[in-house]
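*Asks:* Take this structure, written in structure tokens, and hold onto it; I'll ask about it next.
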Amino acid sequence: MLAADDSETASSSASSSSSVGGDDCEHVHGHMERGLPNGDFYTGQWRGGAPHGAGKYLWTDGCMYEGEWRHGKATGRGKFSWPSGATYEGEFKDGFMDGSGTYTGAAVDTYRGSWSMNLKHGSGKKSYVNGDQYDGEWRAGLQDGAGRYTWRNGTEYTGQWLAGLIHGRGALVWSNGNRYDGGWEDGCPRGQGTFRWADGSVYVGYWTRDTPTGIVQQKGVYYPSPAASSPTARDPRDVFARDLPGFMGASPDSASPGKSRASSGIRAANGRASSVSG
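Each residue of the sequence shown is one higher than the last, beginning at 481 in our numbering.
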């Protein structure tokens, strides 16, 4: 059975207990209402000693599954509810959330999209409690592939992800008009890239990560805009250091979508979003 606060990491979502049936139920076909010794309760269609067809299963802790069953396991369409108020409604396979479905958390955070064995997997859109959104590809519960993350303040990243981190080619556009286009690795700029300030000034350079310290280094050229308030060269690192938790050598896992301050720009994207409730 799924844990109320982290259903993705559970091994099973809605399997009937092996003791639901029994020798006295093996040849029963049709509708069955049966209480279990542990206090759980099942009501619905029955065949071959197990739930099969449409039925409802209630656990003593308040969890409930209502939907289609096949040979004792939730398979087909159904709805799983937690006592916290969180729900999952969609497709199941062999007792797991598997296929297309919608998870709605107790705090009204949502995920709509594809699942595989209780994990977000495939295409899907997640809306976080704080107003942030991610729309794109997932793998084993983490952002992986092409995706777009939008913060509630308007800052937006569009590009590649790997294992829950910004990784590959992508563009980050700040709500104030600043923009970075280029390579990323583990949530930080890496390789060739271009940083543009809102006034039109441009920095074209190459970013690398120092092995001993983990701090990102850069080498490039600054081109001031005629509209720039000062011809003095500006440094993209001033922006990156403020908004990227891993830029100055800190762990890139120090912040995660939906759990950090989205108003700081990119800061909330450089972590993992492995839990359904996250």
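Glycine is no exception: its CB is placed at the ideal position from the N, C-alpha and C atoms.
How many angstroms separate the CA atom of residue 509 from the CA atom of residue 651?
*Replies:* Taking the first residue of the sequence shown as 1, we reach residue 509 at position 29. Taking the first residue of the sequence shown as 1, we reach residue 651 at position 171. Their Cα atoms are separated by approximately 59 angstroms.
*Asks:* Could you compute how far the alpha carbon of residue 533 sits from the alpha carbon of residue 548?
*Replies:* Taking the sequence shown and counting its residues from 1, the one referred to as residue 533 is at position 53. Taking the sequence shown and counting its residues from 1, the one referred to as residue 548 is at position 68. Each residue's Cα considered, the two are about 5 angstroms apart.
*Asks:* Who are residue 689's beta bridge partners in DSSP?
*Replies:* Sequence index remark: in the sequence shown, residue 689 carries index 209 (1-based). Note: residue 689 sits in a beta bridge opposite 696.
*Asks:* In this structure, how does DSSP classify residue 721 when only helix, strand and coil are distinguished?
*Replies:* In the sequence shown, the residue the question calls residue 721 occupies position 241. Reduced to three states, the DSSP call for residue 721 is helix.
*Asks:* Measure the CB-CB distance between residue 615 and residue 628 and report whether it falls below 7 angstroms.
*Replies:* The residue labelled residue 615 in the question sits at position 135 within the sequence shown. The residue labelled residue 628 in the question sits at position 148 within the sequence shown. A contact, by the Cβ cut-off of 7 angstroms.
*Asks:* Per DSSP, which residues does residue 531 bridge with? Please list them.
*Replies:* Counting from 1 along the sequence shown, the entry for residue 531 is found at position 51. According to DSSP, which records beta bridges pairwise, residue 531 is partnered with 526.
*Asks:* List the whole-angstrom C-beta distance separating residue 685 from residue 700, where the pair is believed to meet the contact cut-off of C-beta under 8 angstroms.
*Replies:* Stepping through the sequence shown from its first residue, residue 685 is reached at position 205. Stepping through the sequence shown from its first residue, residue 700 is reached at position 220. Correct: roughly 2 angstroms between the Cβ atoms.
*Asks:* Mind checking who residue 554 pairs with in its DSSP beta bridge?
*Replies:* Counted from its first residue, the sequence shown places residue 554 at position 74. DSSP output for residue 554 lists 549 as bridge partner(s).
*Asks:* Of all the options 527, 511, 540, which has the alpha carbon lying nearest to the alpha carbon of residue 520?
*Replies:* Locating residue 520 in the sequence shown gives position 40, where the first residue counts as 1. Ranking 527, 511, 540 by Cα distance to residue 520 puts 540 first.
*Asks:* Just checking my contact of residue 570 with residue 579 at CB under 8 angstroms: how many whole Å lie between their CB atoms?
*Replies:* Residue numbering aside, residue 570 sits at position 90 when the sequence shown is read from its first letter. Residue numbering aside, residue 579 sits at position 99 when the sequence shown is read from its first letter. About 6 angstroms; that satisfies the 8 angstroms criterion.
*Asks:* Leaving aside the five residues before and after residue 638 along the sequence, list all residues of the same chain whose C-beta is less than 7 angstroms from its C-beta, in chain order.
*Replies:* Start at 1 with the first residue of the sequence shown, and residue 638 comes out as number 158. So the qualifying residues of the chain are 628, 650, 651.
*Asks:* Compare the C-alpha of residue 645 against each of 660, 622, 654, 659 and name the closest.
*Replies:* Counting from 1 along the sequence shown, the entry for residue 645 is found at position 165. The residue with the shortest Cα to Cα distance from residue 645 is 622.
*Asks:* Pick out whichever of 654, 619, 634, 661 has its Cα sitting closest to the Cα of residue 641.
*Replies:* Position 161 of the sequence shown, counted from the first residue, corresponds to residue 641. Looking at the Cα atoms, 619 is the closest of the given residues.
*Asks:* Kindly indicate which three-state DSSP category residue 749 falls into: helix, strand or coil?
*Replies:* Reading the sequence shown from its first residue, position 269 is the one you call residue 749. Residue placement at residue 749 cannot be trusted, given a pLDDT of 30 that sits under 50; what the coordinates show is reported in the next sentence. In this structure, residue 749 counts as helix in the three-state DSSP scheme.
*Asks:* Per DSSP, what kind of secondary structure is residue 669 in: helix, strand or coil?
*Replies:* Position 189 of the sequence shown holds residue 669. Residue state, collapsed to three classes: strand.
*Asks:* In terms of residues, what are the limits of the beta strand (DSSP E) holding residue 622?
*Replies:* If you number the sequence shown from 1, residue 622 lands on position 142. Where residue 622 is concerned, the enclosing beta strand (DSSP E) stretches over 622 to 630.
*Asks:* Can you look up residue 737 in the DSSP assignment and give me helix, strand or coil?
*Replies:* On the sequence shown, residue 737 is found 257 positions in, with the first residue counted as 1. For residue 737, the predicted model reports a pLDDT of 31, less than 50, meaning its position is unreliable and no value from the coordinates is stated.
*Asks:* Hey, residue 592 and residue 604 are a contact pair by Cβ (cut 8 angstroms); roughly how many whole angstroms apart?
*Replies:* The sequence position of residue 592 within the sequence shown is 112, counting from 1. The sequence position of residue 604 within the sequence shown is 124, counting from 1. At roughly 6 angstroms, the Cβ-Cβ gap stays under 8 angstroms, so residue 592 and residue 604 are in contact.
*Asks:* Compute the Euclidean distance between the alpha carbons of residue 513 and residue 525, then round it to the nearest angstrom.
*Replies:* Mapped onto the sequence shown, residue 513 falls at position 33. Mapped onto the sequence shown, residue 525 falls at position 45. Approximately 9 angstroms, taken between the alpha carbons.
*Asks:* If I'm right that residue 594 touches residue 585 with Cβ under 8 angstroms, what's the distance once you round it to whole angstroms?
*Replies:* Counting from one through the sequence shown, the residue named residue 594 turns up at place 114. Counting from one through the sequence shown, the residue named residue 585 turns up at place 105. That pair is no contact at about 18 angstroms.
*Asks:* What residue range is occupied by the uninterrupted beta strand (DSSP E) comprising residue 593?
*Replies:* If you number the sequence shown from 1, residue 593 lands on position 113. Note, residue 593: beta strand (DSSP E), 590 to 596.
*Asks:* Throw me the rounded Cβ distance for the residue 523 and residue 535 pair, which I believe falls under 8 angstroms.
*Replies:* Taking the sequence shown and counting its residues from 1, one reaches residue 523 at position 43. Taking the sequence shown and counting its residues from 1, one reaches residue 535 at position 55. With a Cβ gap of about 7 angstroms, residue 523 and residue 535 count as contacting.
*Asks:* Name the DSSP beta bridge partners of residue 680, please?
*Replies:* Walking along the sequence shown from the start, residue 680 turns up at place 200. Note: residue 680 sits in no beta bridge, so no partner.
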